[in-house]
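Undergrad: Heads up: the sequence lines are chains A and B, in that order. Note that the working numbering numbers the first sequence so that position 118 is 148, with each residue one more than the last. Note that the working numbering numbers the second sequence so that position 33 is 113, with each residue one more than the last.
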Amino acid sequence: MISLTRRYRFPAAHALRRGDWSEAENERAYGKCANPRGHGHDYAVEITVSGALDPRSGRLVDPAALDAVVEEAVLRRFGHRMLNEDPLFAERVPTAEHIAVAVHALLAAPLAERAGVALRGVRVRETRNNTFDFGDVR
Amino acid sequence: MSEPVRVTRAIEFSSSLRLWRRDLDAAENRRLYGAKAERHGHNYRLEVSLRGAPDPRTGMLVDLKDVKAVLEREVMARFDHRDLNEDTDCFEKAPPTTEQLALVIFRLLDAAFPPRLLERVRVYEGPDLWVDVERESRP
Numbered sequence: 031m032i033s034l035t036r037r038y039r040f041p042a043a044h045a046l047r048r049g050d051w052s053e054a055e056n057e058r059a060y061g062k063c064a065n066p067r068g069h070g071h072d073y074a075v076e077i078t079v080s081g082a083l084d085p086r087s088g089r090l091v092d093p094a095a096l097d098a099v100v101e102e103a104v105l106r107r108f109g110h111r112m113l114n115e116d117p118l119f120a121e122r123v124p125t126a127e128h129i130a131v132a133v134h135a136l137l138a139a140p141l142a143e144r145a146g147v148a149l150r151g152v153r154v155r156e157t158r159n160n161t162f163d164f165g166d167v168r
Numbered sequence: 081m082s083e084p085v086r087v088t089r090a091i092e093f094s095s096s097l098r099l100w101r102r103d104l105d106a107a108e109n110r111r112l113y114g115a116k117a118e119r120h121g122h123n124y125r126l127e128v129s130l131r132g133a134p135d136p137r138t139g140m141l142v143d144l145k146d147v148k149a150v151l152e153r154e155v156m157a158r159f160d161h162r163d164l165n166e167d168t169d170c171f172e173k174a175p176p177t178t179e180q181l182a183l184v185i186f187r188l189l190d191a192a193f194p195p196r197l198l199e200r201v202r203v204y205e206g207p208d209l210w211v212d213v214e215r216e217s218r219p
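See the structure below:
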């Protein structure tokens, strides 16, 4: 099995809080991450794809096509944004776990259609010390 | 005591290359590979993962000295400070994309190590791009 992983970065803000909870409940569950004015991270996302090598190019994926899909579907959408304002997080708190699931959902179809590869997994690095994996991460 | 463990050894090598198919003309190669059709180079990082049960006598899966010697012979001597297109015969059929490089290294090492010891080869083209080749798991 051959897979390729590429790392991208986007800076974004978020606040971990639920609208249906009291201030005290949010504070208890999320601590300083519940600050209503938000805070931010330099997120890195590692996208792992797999498939057969293109016999013409000897590549798994055209890197330009991979970059274009990730740029359009994820980096432009989340980069320099307050994640709580994205409709994807209207019903879900934008924890890094949910960001990993959301990135996977945003990429699976366009990667298959426009880059011709299967998405295997997404790793979100929220800080140097904390990473969150969804799917088959390499 | 015979539970399988994984041991990973890393090395780095620097090579020059161009993505170029000999059966295509220059314009087609440049269209297919863009800037990578021109001669350039990378500092590759290779991680070699071995898997199996440790020797009950030594407590080691392998002697890392032996692993180092295999990597020196199969990888460093072939590719380090070499041109992947001109100095090796590994990329005559398919150009040295990082995918092909990882496949070639997996085959070379799989033949050099005891059967089924090699589990995975990871080749970093740079810190933000890497390719994994793993043994197909057969049920």
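Glycine residues also receive a C-beta, built at the ideal position from the N, C-alpha and C atoms.
List the endpoints of the continuous beta strand (DSSP E) containing N123 (chain B).
TA: Here the beta strand (DSSP E) through N123 (chain B) covers H120 to G132.
Undergrad: Using a Cβ cut-off of 8 Å (strictly closer), state whether R168 (chain A) contacts chain B.
TA: Yes, contact with chain B.
Undergrad: Could you give the first and the last residue of the continuous beta strand (DSSP E) run that contains D146 (chain B)?
TA: Premise fails: D146 (chain B) lies in the alpha helix (DSSP H), L144 to L151, not in any beta strand (DSSP E).
Undergrad: Where does M31 (chain A) sit, in a helix, a strand or coil, going by DSSP?
TA: Three-state DSSP puts M31 (chain A) in coil, outside helix and strand.
Undergrad: Show which residues of chain B have a CB atom less than 7 Å away from the CB atom of R179 (chain A).
TA: Nothing about residue 179 (chain A) can be read from this structure; chain A reaches only from 31 to 168.
Undergrad: Please look up how many angstroms separate the CB atoms of E154 (chain B) and L189 (chain B), rounded, as I've assumed it's under 8 Å.
TA: Indeed, because the Cβ distance is near 6 Å, the residues count as touching under 8 Å.
Undergrad: Would P134 (chain B) and V85 (chain B) qualify as a contact pair, given that the criterion is a beta-carbon distance under 8 Å?
TA: Yes.
Undergrad: Does the beta-carbon distance from V87 (chain B) to L130 (chain B) come in below 8 Å?
TA: In contact: V87 (chain B) and L130 (chain B) (Cβ atoms closer than 8 Å).
Undergrad: In the segment 31–49 of chain A, which residues sit with their C-beta less than 7 Å from some C-beta in chain B, listed in chain order?
TA: Those would be M31, I32, S33, L34, T35, R36 and R37, in chain order.
Undergrad: Can you pull the chain A neighbours of W100 (chain B), defined as C-beta to C-beta under 8 Å?
TA: Correct list: empty, because the minimum Cβ distance to chain A is about 11 Å.
Undergrad: Please state whether DSSP places E199 (chain B) in a helix, a strand or coil.
TA: In this structure, E199 (chain B) counts as strand in the three-state DSSP scheme.
Undergrad: Looking at the secondary structure, which residues open and close the alpha helix (DSSP H) in which R98 (chain B) lies?
TA: Run containing R98 (chain B): none; DSSP gives neither H nor E here.
Undergrad: Anyone know if the C-beta pair for L136 (chain A) and A94 (chain A) falls short of 8 Å?
TA: No, Cβ-Cβ distance for L136 (chain A) and A94 (chain A) is not below 8 Å.
Undergrad: Grab the span of the beta strand (DSSP E) containing R150 (chain A) for me, first residue to last.
TA: Element bounds for R150 (chain A): A148 to R155.
Undergrad: Quick check: the segment 107–124 of chain A against the segment 82–98 of chain A, are there 3 or more CB pairs under 8 Å?
TA: No contact exists between the segment 107–124 of chain A and the segment 82–98 of chain A.
Undergrad: How would you label L32 (chain B), buried or exposed, when you count the other beta carbons within 10 angstroms and need 16 or more for buried?
TA: One cannot answer for residue 32 (chain B) here, as it falls past the ends of chain B, which runs 81 to 219.
Undergrad: Rounded to whole angstroms, what is the Cα-Cα separation between K145 (chain B) and D208 (chain B)?
TA: When rounded, the distance between both Cα atoms is 29 Å.
Undergrad: Taking the alpha-carbon positions, what's the P219 (chain B) to G49 (chain A) distance?
TA: A caution first: P219 (chain B) carries a pLDDT of 46, below 50, which makes its placement in the model too unreliable to give a value.
Undergrad: State the DSSP-derived secondary structure class of T161 (chain A), mapped to helix, strand or coil.
TA: It is a strand residue.
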